[in-house]
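Chemist: In this note's numbering, the protein residues as written are 166 to 319. Next up is a structure, given as structure tokens.
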């Protein structure tokens, strides 16, 4: 949460800018308006962006712009290759549009292993869950595969 006091004119400017930003994604963007507003605040304050990138599944969507949230910095992540293929968590930014829970899948004979979380050594060894890693990759984070044997073991 962020709390603060703005002048009436500054609050009107922020409200206007966020309204423009949350209108940018196409109607197929899976986020709710509250999720878009939260993402727009992060893109505007954190990355200085005037746009909010669309998160729809259409690779050719003209609203898929670089809003700077993933491309503004580089995070070195140590992860298993399978983590790169994980699906983003649809509820990562709050409640999803689908209020009904998905039915439990039928058990299979062999359960597939879940992707393991990634580790960011530079940030006090913070854990990055595979769905968040997938979202960062989709949003434009750069990937550089490194052989673990080439890493310094200090």
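The C-beta atom is built at its ideal place from N, Cα and C for all residues, glycine as well.
Measuring alpha carbon to alpha carbon, tell me which residue in 251, 187, 250 and 174 is nearest residue 229.
Modeler: For the residues 251, 187, 250 and 174, the minimum Cα distance to residue 229 belongs to 187.
Chemist: If you draw a straight line from the alpha carbon of residue 237 to that of residue 173, how long is it in whole angstroms?
Modeler: Going from the Cα of residue 237 to the Cα of residue 173 covers about 31 Å.
Chemist: Hey, quick one: how far does the alpha helix (DSSP H) through residue 252 stretch, first residue to last?
Modeler: Unbroken run through residue 252: none, as it is neither H nor E.
Chemist: Taking all protein chains shown into account, do 16 or more other C-beta atoms lie within 10 angstroms of the C-beta of residue 194, making it buried, or fewer, making it exposed?
Modeler: By the neighbour-count rule (16 or more Cβ atoms within 10 Å), residue 194 is buried.
Chemist: Note down the Cα distance separating residue 211 from residue 205, rounded to an integer number of angstroms.
Modeler: Distance between the alpha carbons of residue 211 and residue 205: 9 Å.
Chemist: Residue 293 by DSSP, collapsed to three states: which one?
Modeler: In this structure, residue 293 counts as strand in the three-state DSSP scheme.
Chemist: For the candidate residues 294, 180 and 248, whose alpha-carbon lies nearest to that of residue 215?
Modeler: Selected option, being the one with the closest Cα: 180.
Chemist: Use the C-beta contact count for residue 310: other C-beta atoms within 10 angstroms, 16 or more gives buried, fewer gives exposed.
Modeler: The residue in question, residue 310, is exposed, as its Cβ has fewer than 16 Cβ neighbours within 10 Å.
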